[in-house]
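Remarks on the structure that follows.
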Amino acid sequence: AQSVSQHNHHVILSEAASLELGCNYSYGGTVNLFWYVQYPGQHLQLLLKYFSGDPLVKGIKGFEAEFIKSKFSFNLRKPSVQWSDTAEYFCAVSDYKLSFGAGTTVTVRA
Amino acid sequence: NAGVTQTPKFQVLKTGQSMTLQCAQDMNHEYMSWYRQDPGMGLRLIHYSVGAGITDQGEVPNGYNVSRSTTEDFPLRLLSAAPSQTSVYFCASSDNREEAFFGQGTRLTVV
């Protein structure tokens, strides 16, 4: 069975700071990788996804993630955060079932 | 295009009551699933379906039933509600291993 581990439970940043959220997964086969975001009171929305090809993927709102196969990692980054990036972020892995990490709450202070 | 529609948005149940959470999608997706979201635990898979007539258990299936009589609909039944089932429930659909689309969620409180 696959599992997903997110390194941070809660991250607090100031605006314009850089953000990096760690994600590691365990699964022996081919997987698709995702980062989802959940803004307060809303449902999950896709930030970006990796299926194959270039391991550096770009998503919406200036987010990017790097897939490192040897480390089973898929870390999310954003060079300069904004107050509106305050949300909960979930890493997810799919063979055909989608499994989520526990989530990281990101608070951006103005 | 409605996407994934979940009803109701809010529900309060008494312990022992039963109810059905509705989920419908109009994207002709084969894969549908139900998750519960609890603080600090992410989303945990309750049940999923890979097509009409086929369902299987996820991580936390106890106390819940599902059926998939059509491609569009995937209702989740709580057989006898317990306070431990207080949670936010999300339905999702996807096309094979592609991006999942989520409903707006149902906030359930069991008292």
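So the protein sequences, as listed, match chains P and R.
If you count by this note's numbering, then the first sequence holds residues 1006 to 1115, one letter each, in order.
If you count by this note's numbering, then the second sequence holds residues 56 to 166, one letter each, in order.
The beta-carbon is built from N, C-alpha and C at its ideal position, and this holds for glycine as well.
Bear in mind the structure is a predicted one, so any value in this text is a computation, not a measurement.
- The count of Cβ pairs closer than 8 Å, one atom from the stretch 1088-1106 of chain P and one from the stretch 1033-1053 of chain P, reaches three, so the stretches are in contact.
- Interface flag for aspartate 1100 of chain P against chain R is set, since a Cβ pair is found closer than 8 Å.
- If you compare the alpha carbons of R:Leu133, R:Tyr103, R:Cys146, R:Ser149 with that of valine 67 of chain R, the shortest gap goes to R:Leu133.
- In the DSSP assignment, glycine 113 of chain R falls outside any beta strand (DSSP E), carrying neither H nor E.
- Take leucine 98 of chain R, set aside five residues on each side of it, and the residues of its chain with a beta-carbon closer than 8 Å to its own are Tyr90, Arg91, Gln92, Phe145, in chain order.
- Identification of chain P residues near arginine 152 of chain R by a Cβ-Cβ cut-off of 7 Å yields Asn1037, Ser1099, Asp1100, Tyr1101, ordered along the chain.
- Unbroken beta strand (DSSP E) stretches of 3 residues or longer found wholly inside the stretch 60-141 of chain R: 65-68, 74-80, 86-92, 98-106, 109-112, 119-121, 131-133, given in chain order.
- DSSP places lysine 1054 of chain P within a strand segment (E or B) once states are collapsed to three.
- With 16 or more other Cβ atoms from the protein chains shown falling within 10 Å of its own Cβ, glutamine 1043 of chain P counts as buried.
- Beta-carbon to beta-carbon, alanine 79 of chain R and glutamate 114 of chain R are separated by about 24 Å, too far to satisfy the 8 Å threshold.
- Listed along chain R is no residue with a C-beta nearer than 9 Å to that of glycine 1067 of chain P; the closest approach is about 19 Å.
- Listed as beta-bridge partners of phenylalanine 1072 of chain P by DSSP are P:Phe1079.
- Beyond the five residues adjoining it in sequence on each side, glycine 1067 of chain P comes within less than 8 Å, by CB distance, of Lys1083, Pro1084, Ser1085 in the same chain, given in chain order.
- Contact between valine 1009 of chain P and valine 1098 of chain P holds, since their C-beta atoms are separated by about 5 Å, short of 8 Å.
- Within the stretch 1091-1115 of chain P, the complete beta strand (DSSP E) segments at least 3 residues long are 1092-1099, 1103-1105, 1109-1114, listed from N- to C-terminus.
- As a beta-bridge residue in DSSP terms, tyrosine 144 of chain R pairs with R:Arg91, R:Thr161.
- DSSP places serine 1085 of chain P in the coil class of the three-state scheme, outside both helix and strand.
- When the beta-carbon positions are compared, threonine 70 of chain R and alanine 137 of chain R come within less than 8 Å of each other.
- Glycine 1027 of chain P has a beta carbon lying at 8 Å or more from every beta carbon in chain R.
- Where isoleucine 1065 of chain P is concerned, there is no enclosing beta strand (DSSP E), because DSSP gives it neither an H nor an E.
- The secondary-structure analysis by DSSP pairs serine 1023 of chain P with nothing; it has no beta-bridge partner.
- Note on tryptophan 1040 of chain P: 16 or more other CB atoms within 10 angstroms of its CB, so buried under the neighbour-count rule.
- When 7 Å is used as the limit between beta carbons, alanine 1107 of chain P is near these residues of chain R: Gly95, Met96, Gly97, in chain order.
- Secondary structure note for tyrosine 1041 of chain P: its beta strand (DSSP E) is the uninterrupted segment 1037-1043.
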